[in-house]
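Numbering (the working numbering), first residue to last: 118 to 624.
Ideal Cβ positions, reconstructed from N, Cα and C, are used throughout, including at glycine.
These numbers come from a predicted model, not from an experiment.
Written out below as structure tokens is the structure these notes cover.
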């Protein structure tokens, strides 16, 4: 066939490529072909399936596809079948009706590495370890009394934020940076006992850079997640695994140092017991059903750290963005807050429950801008039926919370920021109403829900009470961008700049 050795070598790459493709086609035969009642699915390409249809903003691409194929849709992403649900009723079936069958997490190398390979793989949702760790989080870390015990931390950090903004009064400030700073300080003080603002972090110049890097790792395209047979090779070639290992090692060293500090017998007595103190106390309890190791503690800290800072910050940034775009809503919220607070410099703890309209503003922000647009994926543990369709075991399940929040069958004028829509109904975001599920629902609901929503309401109330907010010169409300930047959480693509004008509370 080949006349010379040189001719053979010239054809070798082509032959190798053909063999490689044929091998892939053999390995990637659909595993669900035996089932006849599968959900509707868009046409797919060989090897990659529907991956090419996800686009840069996956939750929007899935939403557009669902408008054609329905609220229960099957996508073949590489080798892996993925179910996408985009309505409140279908979300209820996944998160409540079939919660037991659909409560597992799919394996993801990036997520598992940063979670110390523990909580969701080695100890699944039906294991004693998972149940006990969840119980520790719900009862000891995020119970209402525990959240209330940290009011002094929130008040201190929000007071610092207000003083910092006051120094820049009448000049444009970057709202994103200010909000991230206060959220970071609150979470670090609650979890670790001190703030890390302005300090170097394990080779990073800024603490925020470390968080951004971890979020980038969690939100990256891991080829091994979609092509389990060979994708890991691509992750190694692209350097993604090496970057993840560096990120993991940095955080591991950081958490090790924190734990050692808390175990130091000469450590000064803290003003309040932080989350590491609580976890160390549990680890010493010999009567506990499980032994809490250092890796368990570090894994829990990572989940709290990554989950709390970004999601709370993003919600406040989107809330301030929508308020700036809707001056009527901002004015109404300020009138309520100032009428309640009266002649006091800041909003206090006991006034938050009285601020009904502010709470509706937060709900409306969660509806339009859920911090995690696609709830963390689940995986079916055994076959079940969703929406009347057969769902095979080992199917990844994505609940598109962003699409549910904009469903015209549920919400009137869904694209409009209109907090008044919550005045006539009792819909909340605590997992009981599937029209609004920014924290998820069922046994996988975020245990930090109360802590996150409390910090958001308290910080926003003080920002709106202490300042009137204007736009930089030459800018109109319609110029404020709401463009998104995709990732594990959905960031605002362009920073928000507003002009704070100090409010005279004595008048």
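- Annotation: residue 334 to residue 486 spans about 22 Å, alpha carbon to alpha carbon.
- The criterion of a C-beta distance shorter than 7 Å is not satisfied by residue 488 and residue 571.
- Linking residue 543 to residue 594 through their CA atoms gives a straight-line distance of about 31 Å.
- With respect to the 7 Å criterion, residue 603 and residue 328 are not classified as neighbours on the basis of their beta carbons.
- For residue 199, the uninterrupted beta strand (DSSP E) run begins and ends at 197-202, by DSSP.
- In the DSSP assignment, residue 534 falls outside any alpha helix (DSSP H) and carries neither an H nor an E.
- Spanning the alpha carbons of residue 621 and residue 224 requires a straight line of approximately 54 Å.
- The beta carbons of residue 432 and residue 303 sit no closer together than 7 Å.
- Annotation: the continuous beta strand (DSSP E) that includes residue 506 extends over 506-508.
- Per the DSSP secondary-structure output, residue 157 pairs with nothing in a beta bridge.
- Note that the C-beta distance between residue 365 and residue 195 is not below 7 Å.
- Bridge pairing for residue 585: 618 [DSSP].
- Apart from sequence neighbours up to five positions away, the residues of its chain that approach residue 201 with a beta-carbon distance below 7 Å are 179, 183, 190, 192, 515 and 517, ordered along the chain.
- If you look at residue 562, you'll find it isn't in any alpha helix (DSSP H); DSSP assigns it neither H nor E.
- For residue 515, the enclosing beta strand (DSSP E) starts and ends at 513-516.
- Ranking 219, 376, 379 and 251 by CA distance to the CA of residue 499 puts 219 first.
- Inter-residue distance for residue 581 and residue 280 is about 14 Å (C-alpha atoms, whole angstroms).
- The beta-carbon distance between residue 579 and residue 464, rounded to whole angstroms, is 5 Å. This is short enough to meet the 8 Å contact definition.
- Around residue 154, the same chain offers 506 and 507 as residues with beta carbons nearer than 7 Å, after the five sequence neighbours per side are excluded.
- Separation of residue 222 and residue 492 (C-alpha to C-alpha, rounded to the nearest whole angstrom) is 11 Å.
- The region 441-457 makes contact with the region 470-480: 3 or more CB pairs, one atom from each, lie closer than 8 Å.
- Shown here for residue 165: same chain residues with a beta carbon closer than 7 Å to its own, the five before and five after excluded, namely 195 in chain order.
- In this structure, residue 559 keeps its C-beta atom at 7 Å or more from the C-beta atom of residue 342.
- Between residue 482 and residue 435, the gap from beta carbon to beta carbon is short of 7 Å.
- Short of 6 Å from the beta carbon of residue 568, and not among the five residues preceding or following it, lie these beta carbons of its own chain, in chain order: 259 and 264.
- A distance below 7 Å separates the beta carbons of residue 575 and residue 469.
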